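Input: a single structure, listed below in structure tokens.
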Amino acid sequence: MWTQQHFKPKPNHVFLISNLKSGTTWLKALVFAIINRTKFHFSSHPLLTHNPHQLVPFLEIKLFMKLPIGDPEFLPSPRILASHIPYGISPYGPYWDHTLGYWKASLEFPDRVLFLKYEHLKDNSLLHVKNLADFLNQGFTKEEEENGVVQEIVKLCSFESLSNMDVNKNGTYREHLKNNIFFRKCTTGDWKEYLTSEMSERLDQITEHKLKDSGLTFKG
């Protein structure tokens, strides 16, 4: 709530908004690599030695632990910030409300809000990375595509690559918080290992009710 009331965004700020455990680490890596691709060579890229959460800070943590409170000017440009804050509502609420808030915003402001689904990004990473770059006004040139830059970004930011880097296996994000906790399985449908059929059916019913007439759907 404090963040929503005091932070002053600017037109060139990039915000990555997500629910917990929904691909935030991967998205941070991809956006950082896309926007900064002309600054760093893949052989000495910051993602090789830094966890994505160090390169793309959380708005409600990084900016509100420094003075002046809520001032992003100390961050390097272009400023990429992440948050789990819902769209225009209280930060406390169910998953569906959080998701629907940004879904509706993406329909109302398609040039300002891009709605990404983890499953789509995983199923066709190359296509969605190019779409993401276009949305950020950082589209890949024909030469970059011919030279395999898109593939290099997808490879660098892949679960296999990031999770096996020393900084993410042995490094620390903050005191007592290991980087390896941000890397789980990178799979879809893992809920089947934890939910009974009855629980799954109940969640499907709630989801169908919550998303009714919104146009938003998810894979089963």
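0 is the number of the first residue of the sequence shown in numbering that gives the first Met the number 0; add one for each residue after it. In this text, a Cβ means the ideal position worked out from N, Cα and C, and glycines have one as well. If you're wondering where the values come from, they're calculated on a predicted model, not measured in any experiment.
Return the CA-CA distance between residue i and residue j, expressed in angstroms with no decimal places.
i	j	result
ASN11	ILE79	9 Å
VAL153	THR48	17 Å
SER199	ASP212	21 Å
GLU59	MET164	27 Å
TYR86	LEU215	16 Å
Can you tell which of the options has its C-alpha closest to the C-alpha of residue i?
i	options	result
PHE217	VAL153, ALA104, HIS119 and HIS52	HIS119
VAL13	LEU46, THR37 and VAL55	VAL55
PRO77	TRP25, ILE205 and ASN136	ASN136
LYS27	GLU145, GLY138 and CYS156	CYS156
Drop a sphere of 10 angstroms on the beta-carbon of residue i, count the other beta-carbons inside from all chains shown, and report buried for 16 or more, exposed for fewer.
i	result
PHE181	buried
TYR101	buried
THR195	exposed
ASN178	buried
THR23	buried
TRP25	buried
Name the two residues that bound the continuous beta strand (DSSP E) containing residue i.
i	result
SER82	79–82
ARG173	171–173
With DSSP as the reference, identify every bridge partner of residue i, one or two as the case may be.
i	result
VAL13	ILE79
LEU176	ARG173
PHE57	ALA81
Alpha helix (DSSP H) containing residue i: first to last residue?
i	result
GLY87	Unbroken run through GLY87: none, as it is neither H nor E.
GLU118	117–122
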